[in-house]
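S.K.:
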Amino acid sequence: MIKNTLTLIVLLILGLVAGTLIGQWLAPIPALSFLTNSVELSWRPQADLLAIRYSLDLHIRLNLLSLLGLVAAFLVYRKL
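Positions 1 to 80 (the working numbering) are the ones given, in order, by the sequence shown.
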């Protein structure tokens, strides 16, 4: 497989989603609360240029497991 930017982005998104899902599944276990505490980041760029108006909402929920998923995805990319 050819290493390119699109492959890296797809793998990072998959790693982030996988880590977040695992964090949600492990949330009911009190002993693992340090892994599942989430922080939500929001970004809302918008503009009104008379001819074009846009608004974009981007929300990212990060926890320790989602960051580990990002690291794992990057390591998989490096192995390609």
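Cβ atoms here follow ideal geometry from the backbone N, Cα and C, with glycine treated the same way.
For D48, write down the residues that DSSP places opposite it in a beta bridge.
M.R.: Its beta-bridge partners are R53.
S.K.: Measuring only the C-alpha atoms, how far is E40 from V17?
M.R.: Their backbone Cα atoms lie some 14 Å apart in a straight line.
S.K.: Does the distance from the CB of L56 to the CB of P45 come in under 8 Å?
M.R.: Yes. Within cutoff.
S.K.: What residues in its chain sit with their C-beta under 7 Å from that of W43, if we drop five residues either side in the sequence?
M.R.: Result list for W43: L58, in chain order.
S.K.: For N37, tell me which candidate among L49, A51, K3 and I22 has the shortest Cα-Cα distance.
M.R.: Among L49, A51, K3 and I22, the Cα nearest to that of N37 is on I22.
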